[in-house]
Every structure is written in structure tokens, then in C-alpha cells.
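The structure appears right after this line, and notes come after that.
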Amino acid sequence: VAGCGRGGARVSGTVTLDGRPFDTGSVQFHPAAAGPVAYGSIDAQGRFTLTVGAAASPVPPGRYTATVVAVAATAPTSPDAETAPVPITPQQYGDVATSGLTFDLKPGQNTIDIDLVSRRNGAGPP
8 VAGCGRGGAR
18 VSGTVTLDGR
28 PFDTGSVQFH
38 PAAAGPVAYG
48 SIDAQGRFTL
58 TVGAAASPVP
68 PGRYTATVVA
78 VAATAPTSPD
88 AETAPVPITP
98 QQYGDVATSG
108 LTFDLKPGQN
118 TIDIDLVSRR
128 NGAGPP
């Protein structure tokens with residue numbers, strides 16, 4: 008029965024950029040067919056665990072496109088100045104249409120390691 012949590016996929020893994028783990032950010036898995044988007048926060052070791060909804064339900068099995076977004080806070084130039092966060096991930100990975108990250112999730116445990124590559128062959132922004 009759909010929505011009962013039986014046969015759901017449990018998804019965890021790590022996110023790296025040019026071989027180095029992230030220590031911040033989020034991962035989203037967008038279903039190819041109709042269904043909920045799964046979310047997970049990236050911890051200090053680059054690990055994430057996906058859940059669906061406020062009840063932290065398992066992810067429905069199926070094909071997904073992943074997006075990854077991480078930003079770094081910047082120090083304000085003065086006490087009254089506001090600063091915008093600086094993207095850590097290359098822009099392509101934050102968009103379903105351009106991420107190129109597709110995965111097939113099966114019922115039970117799924118370990119997904121997401122290895123991102125900077126646009127300049129490891130010479131990403133400083």
C-alpha cells in the first residue's frame with residue numbers, strides 16, 4: 008500500500024568535491040515519476056541521510072535525479088553590511104536539469120556516494 012512505509016528505501020552516503028568531503032549543505036533527490044522529494048543535510052564528515060516529509064519517512068523506491076547545494080558564509084565588511092553566501096558547489100549540481108546525478112533506489116538500504124567535480128578539474132574557486 009502506498010504511503011505505509013513498507014518497502015521504502017533507506018538512503019545514506021557521502022558527498023565529496025574533487026575528492027574532499029563537504030562539511031555543510033544539502034542533498035535532494037527528485038523523483039523521475041510523481042512523488043515526494045527526499046531531503047538530507049550534509050554533516051561535518053560529508054555524510055547525509057535522506058528522508059521524506061516531517062515524519063522522516065523512507066524514500067519510495069524508483070529513479071531519482073539528485074541535486075547538491077552547499078554555501079559558505081562570508082564575513083561582513085562592516086558591522087552593518089549584509090553579505091550573500093558564497094556557493095561551494097558548482098552551479099550545475101544545484102539544478103535538476105543539469106546535475107547529471109541519477110540514481111535508482113531499491114527497497115532496503117542504499118548507499119549513495121556522490122562525487123562532484125569542479126569545473127576546472129579540481130581547481131575550484133578559492
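Following our numbering, the numbering of the sequence shown begins with 8 at its first residue and continues without gaps. All C-beta atoms in this analysis are idealised placements derived from N, C-alpha and C, irrespective of residue type, glycine included.
Check, Outcome
"Buried or exposed (CB count within 10 angstroms, at least 16 for buried), G14", "exposed"
"Inter-residue Cα distance where the pair is T74 and Y100", "5 Å"
"Span of the beta strand (DSSP E), counted from its first residue to its last, around P38", "33-38"
"Touching by the beta-carbon criterion (3+ pairs, under 8 Å), the region 45-60 and the region 16-30", "yes"
"Selection from T105, T90, E89 that minimises the alpha carbon distance to T96", "T105"
"Beta-carbon proximity of V66 to A45, cut-off 7 Å", "yes"
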